[in-house]
Structure formats: C-alpha cells, structure tokens
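Asker:
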Amino acid sequence: MKNLDQAGAPPRPERRRFLGGSAATAIAGAVAASAVSRVAHAALPEPVVQAKPDTMPPLEPANGRPYRPVVTLNGWTLPWRMNQGVKEFHLVAEPVVREMAPGFKAHLWGYNGQSPGPTIEVVEGDRVRIFVTNRLPEVTSIHWHGQRLPNGMDGVSGLNQPAIEPGKTFVYEFVARRPGTFMYHPHADEMVQMAMGMMGFWVTHPKLDKHGKHPLIAEVDRDFCFLLNAFDIEPGSATPRIMTMLDFNLWAWNSRIFPGIDPLVVRQHDKVRVRVGNLTMTNHPIHIHGHEFVVSGTDGGPTPPGSRWPEVTADIAVGQMRQLEFVADEVGDWAMHCHKSHHTMNAMGHGVPTMIGVDHRQVVGEVMRLVPDYMVMGERGMHDMTEMEMPLPDNTAPMMAGQGPFGAVGMGGMFSVLKVRKDQPRGSYKDPGWYQHPKGTVAYEWAGAMAEPARFAAEGSGSMPLAQPLKPGVEVRARKPEGGHGGHHQ
Ligand SMILES: [Cu+2]
Numbered sequence: 142m143k144n145l146d147q148a149g150a151p152p153r154p155e156r157r158r159f160l161g162g163s164a165a166t167a168i169a170g171a172v173a174a175s176a177v178s179r180v181a182h183a184a185l186p187e188p189v190v191q192a193k194p195d196t197m198p199p200l201e202p203a204n205g206r207p208y209r210p211v212v213t214l215n216g217w218t219l220p221w222r223m224n225q226g227v228k229e230f231h232l233v234a235e236p237v238v239r240e241m242a243p244g245f246k247a248h249l250w251g252y253n254g255q256s257p258g259p260t261i262e263v264v265e266g267d268r269v270r271i272f273v274t275n276r277l278p279e280v281t282s283i284h285w286h287g288q289r290l291p292n293g294m295d296g297v298s299g300l301n302q303p304a305i306e307p308g309k310t311f312v313y314e315f316v317a318r319r320p321g322t323f324m325y326h327p328h329a330d331e332m333v334q335m336a337m338g339m340m341g342f343w344v345t346h347p348k349l350d351k352h353g354k355h356p357l358i359a360e361v362d363r364d365f366c367f368l369l370n371a372f373d374i375e376p377g378s379a380t381p382r383i384m385t386m387l388d389f390n391l392w393a394w395n396s397r398i399f400p401g402i403d404p405l406v407v408r409q410h411d412k413v414r415v416r417v418g419n420l421t422m423t424n425h426p427i428h429i430h431g432h433e434f435v436v437s438g439t440d441g442g443p444t445p446p447g448s449r450w451p452e453v454t455a456d457i458a459v460g461q462m463r464q465l466e467f468v469a470d471e472v473g474d475w476a477m478h479c480h481k482s483h484h485t486m487n488a489m490g491h492g493v494p495t496m497i498g499v500d501h502r503q504v505v506g507e508v509m510r511l512v513p514d515y516m517v518m519g520e521r522g523m524h525d526m527t528e529m530e531m532p533l534p535d536n537t538a539p540m541m542a543g544q545g546p547f548g549a550v551g552m553g554g555m556f557s558v559l560k561v562r563k564d565q566p567r568g569s570y571k572d573p574g575w576y577q578h579p580k581g582t583v584a585y586e587w588a589g590a591m592a593e594p595a596r597f598a599a600e601g602s603g604s605m606p607l608a609q610p611l612k613p614g615v616e617v618r619a620r621k622p623e624g625g626h627g628g629h630h631q
C-alpha cells in the first residue's frame, strides 16, 4: 500500500518512520507518477491510502486530459494510473479510524484509510476502470450514484452483480458519460455500511470545446466538495450504532464535525463552486453568510442558466447533490452551516429540559449538599455550555466548541467558515487566520443613555372580534419533555 502525504508539508517524524524516508516527502502528483512507473505492468494498481484527515491540496492531473481539480474538505483525491487509455483506480473497502475532530476518533468503515473515501475525478468521456477490494468482515458493493453506465456496473448487489465477498476484488468499468457531481456508496447491507461511513465523492469534469468552454459549466477559481453524513456515537464510545434509523447525534461534513472542519479559503472576487452531496437520512438547508449563490447543478447535471435564481440557503434532500456558485466579493470570515440548529451541535444527552428563566439558586444549594458535583445547565440559555469545563467521557467531542477571535463560537456539527481575503494568493488554500476588521466595522456595545421603550398603542386583535370576552390572561411556560429520544427525529 502506498501512503499519500500532504504536498509540500515537512514529514512528521512518526510518518517518516512509517514510510521509511524518501516517500514521506513525495508530493501527491509524484506519488501518482511513481505508482504508475512501479506497477505499470502489474494487473492491479497498487492502492493509495491516506493516513490523515487534513484537506489535501488539489491533485493536478499528471496525465490524461487537463482539468481544474476540486478540493475535498478534509479529504483528498485518489491518484490513478493510465493503462492503455483507461483511467485505473483502486478502492479498498476497509475499517478505518477517522479523527472526526481533534481529540475525537471514531472507528468507522471507509475506503483507502479514510471515511469518506477519496474523491474520484475524471473527465467527461474518460473510460474508467475501478478495482474494488473488500477488506470488510462482510459483503459489499459500490453503486456509482447518478452515473449513466451499463446496468451491470450499477453496483446493486443481488440485482446487478453478486456481492463482493470479503477478501475478493471486483472490477467496474464504464465511460463517464455525463459531466457533473456524483457520489459512490455501497449497495449491500446499505444501512449498516453507510451508518459506518462508507461513501465518497465523484466529480466528472466537462469536456470543453475548442475555446476551452462548456455552454452550461463555468470555469471557477475554487471548487470545493464535501458529503453530508451523520453518525450515532454515544459519548465516550468510538463505534457508531448501526441500527439507528433517524436519531443520529453527530452531524458531519466528510466525517468531520466543527471545530474539526477546515475553512473554505478563497481570494476576494474568486468565482467559487461548492459541491455538496447528502448521504444522511434527513435534509440539510445549507446556508452561506454574506453572499448569494445560484444552484448551478443538481444530481441530473448542470442547470440551464434561465432556471437559476439567487439564494442564501439551499435545502439538500436525502440522496441529492447540489452545486452552489457565487463570486466571493465580500471580505471577512463568513459562517457557512446547516440551518437546522441541532445539526450545529455535537453529541449530547437528549433529555435536557428547558431551564431558561428558572432560578436555581436555592435548589442548587440544597442539591449540592447531597450531590457535590451537581451543576445546573442552561439556566441562561445554553451558551454557558461553550465555556463550561465539564468532565466529558474520554473520546467525546464537546457539544459546542470552537474559539473565535471574539470568544466561544458555540457551534458543533455541520459548521465551517468561508474565509474571503483580498490578499490570499491565487490558488493558495493556506488558512489566513482571523479576519482583521477595519476600524469601526464591528458591532459594539452601546455606552450612551438608554431610551424608554415606546409601547405601540394600537395593538391588534386579529381579524375578527372575539365572540366571548377573554378570561384573565394565562402564561404558558414551555418545557421540553425529559428522558428518552422521542420526538427528536430529524
Ligand atoms: Cu442539517
């Protein structure tokens, strides 16, 4: 197995030991090239594995037709070899340890060392041959979600092919007929294998005309992609519960959770494309601050320009893919996240009652005499959770974490930051640090006199007069039910 190290990064000592010297400094393209020279005549391409959850620089195509490669958030692109005009890839389905956030490692199933598996990038019209080796303890198969291909290559085990037994390698071969954004995932014991993290991204770049253009697919400066995925991992454990149908507790982008998700770094005025695929069991309204985007493509391909309209949130349903495109013309650190608020939190106990407005001072004293460690959560909202140093079981992601330039961000899960910078070098994805706001452009505390609130005099009473006079007012105090996971399904 070959290891792919980060392009240009100095080798870490432990990696050097593992790789034994020169290979550790190889850049991604060189790895691909050496893989070709060393095994060009072997029957099976040597699989390339990735040991780290870092965002790898775009993999410039070393051979085949040129294209502008994508950047997989906290992921990488699988090198290939050309074999008599066919692009050959080797995917290995296997158990992996994925760092989902610093300090939190999950035991998942994936491909070539990571979950999700590596992104596969090809060009419209390429003939593609993919070797799939099964190193799982049970059968698997791969379905190439969204592709036009011969029926026997569609990967539904039992329907289109026999399932791949443990230890066996199958070969898929087809022509990438349609440009766009695709995914791959098993179609054997699907619920378990997808709950364990088996999935990957696939991008087919367009074939261009003689002017280097495509009528519906624009060239962009930055092209990001990630999959939406979800896990149910009890705090303190490392392996997902596989029988969970809807009640997941970790909402991830490429099996990473905030603050473990890398920022999307762009240069001001860059044309940016973000490709998102949803392999969770619920929809995710993906929201970008500071900019409007258009949906330039779906699962079915590029959208005709006349059908596009500006939005700031795109709902991405289960099994769907969307391409969001915009010009990043506003500098700053812009939040980008799923708009379901509980998807921007990490695992927590669900039976937390609403404590806002409940004064605990007396009760706490009473309880603390009985339980010295007793701590009240959520009395003033849940923000205290971001600063509370609560004892967590080992290998647990904090519920809401991440430190920004002004304090705790109070987010987890499906959250990242779009960093737009005027002086970001072209093609550089290096994190520029926090945005330096020009003087006078940050919200600030009011220090002057407070005006008395002017109550609006003519309050409405609905569209019709009441048939009966009102009884004296009743105040409602809402409180979430305690215990169990009921009613928290999506
Ligand atoms: Cu969501």
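Counting in my numbering, the final residue of the sequence shown is number 631, and the numbers go up one at a time with none missing.
Ideal Cβ positions, reconstructed from N, Cα and C, are used throughout, including at glycine.
Quick one: any contact between the stretch 263-270 and the stretch 203-221, if contact means 3 or more CB pairs under 8 Å?
Answerer: Short answer: they touch.
Asker: Do you know whose CA, among V269, P546, W392, L200, lies nearest N419's CA?
Answerer: N419 has its Cα closest to that of W392, out of V269, P546, W392, L200.
Asker: Please return the same chain residues whose Cβ sits closer than 8 Å to the Cβ of H87, not counting the five positions on each side in sequence.
Answerer: Limits of the chain in this structure are 142 at one end and 631 at the other, which puts residue 87 out of reach.
Asker: From the DSSP output, read off the bridge partner residues of K246.
Answerer: E240
Asker: Beta-carbon within less than 6 Å of K348's beta-carbon, same chain only, minus the 5 sequence neighbours each way: which residues are those?
Answerer: E265, G266
Asker: Would you say the beta carbon of C479 comes nearer than 8 Å to a heavy atom of ligand 1?
Answerer: C479: yes, Cβ under 8 Å from ligand 1.
Asker: Can you determine whether any heavy atom of ligand 1 sits closer than 8 Å to the C-beta of W575, and answer yes or no?
Answerer: no
Asker: For ligand 1, is there a heavy atom less than 8 Å away from the beta-carbon of M555?
Answerer: Result yes, Cβ under 8 Å from ligand 1.
Asker: Around the C-beta of Q609, are 16 or more other C-beta atoms found within 10 angstroms, so that it is buried, or is it exposed?
Answerer: exposed
Asker: For a quick check, are the C-beta atoms of H231 and V189 less than 9 Å apart?
Answerer: yes
Asker: Are the stretch 463-479 and the stretch 419-430 in contact at 8 Å, needing three or more beta carbon pairs?
Answerer: yes
Asker: Who pairs with L607 in a beta bridge, going by DSSP?
Answerer: Paired residue(s): none; L607 is not in a bridge.
Asker: Following a CB-centred definition, is N253 positioned closer than 8 Å to any heavy atom of ligand 1?
Answerer: no
Asker: With a threshold of 8 Å (Cβ to nearest heavy atom), would N224 be considered close to ligand 1?
Answerer: Flag unset: Cβ of N224 not near ligand 1.
Asker: What does DSSP give as the partner residue(s) for F315 in the beta ladder?
Answerer: DSSP, once it has assigned bridges, lists V269 as partnering F315.
Asker: Using 8 Å as the Cβ pair cut-off and three pairs as the minimum, do the stretch 391-405 and the stretch 357-375 touch?
Answerer: yes
Asker: Which class does A336 belong to by DSSP, given the choice of helix, strand or coil?
Answerer: helix
Asker: Among the candidates Q225, L249, Q255, whose CA atom is the shortest distance from the CA of L219?
Answerer: The candidate whose alpha carbon is nearest that of L219 is Q255.
Asker: Going by the beta-carbon positions, is the gap between H430 and A469 smaller than 9 Å?
Answerer: It is not a contact, given that the beta carbons lie outside the stated cut-off.
Asker: Can you tell me the Cα-Cα spacing of E229 and P579, whole angstroms?
Answerer: 50 Å
Asker: With a threshold of 8 Å, establish whether the CB of N424 neighbours any heavy atom of ligand 1.
Answerer: Yes, ligand 1 has a heavy atom inside 8 Å of this Cβ.
Asker: Establish whether the CB of T260 and some CB of chain C are separated by less than 9 Å.
Answerer: Included in the structure is just one protein chain, with no chain C present.
Asker: Between R268, P381, E187, which lies nearest to Q225 when the distance is taken from Cα to Cα?
Answerer: R268
Asker: Would you mind giving the Cβ-Cβ distance between T260 and G321, rounded to the nearest angstrom? I have them listed as a contact below 8 Å.
Answerer: Not confirmed; about 14 Å, so no contact.
Asker: Work out the CA separation of D474 and V583 for me, nearest whole Å.
Answerer: 12 Å
Asker: Given a threshold of 16 other Cβ atoms within 10 Å of its Cβ, counted over all protein chains shown, does L559 qualify as buried or as exposed?
Answerer: buried
Asker: Sort E375, F272, V472 by Cα distance to N487 and report the nearest one.
Answerer: E375
Asker: From the DSSP output, in three-state form, read off E331 for me.
Answerer: helix
Asker: Among I271, R318, F311, P307, which one has its Cα closest to the Cα of Q288?
Answerer: R318
Asker: Can you tell which of D572, S604, N292, S448 has its C-alpha closest to the C-alpha of E314?
Answerer: Of the candidates D572, S604, N292, S448, the one whose C-alpha sits nearest the C-alpha of E314 is N292.
Asker: So which of F467, G460, A458 has the shortest CA-CA distance to R449?
Answerer: F467
Asker: Take the Cβ of Q544 as the centre, count every other Cβ of all protein chains shown within 10 Å, and call the residue buried at 16 or more, exposed below.
Answerer: Q544 comes out exposed.
Asker: For M332, count the other beta carbons within 10 Å of its own beta carbon; 16 or more makes it buried, fewer makes it exposed. Which is it?
Answerer: exposed
Asker: Does the stretch 444-464 come within contact of the stretch 400-411, defined as at least 3 CB pairs closer than 8 Å?
Answerer: no
Asker: At which residues does the beta strand (DSSP E) containing E466 begin and terminate?
Answerer: 462-469
Asker: Specify, as a first and last residue, the run of the beta strand (DSSP E) that E262 falls within.
Answerer: That run of the beta strand (DSSP E) goes 261-264.
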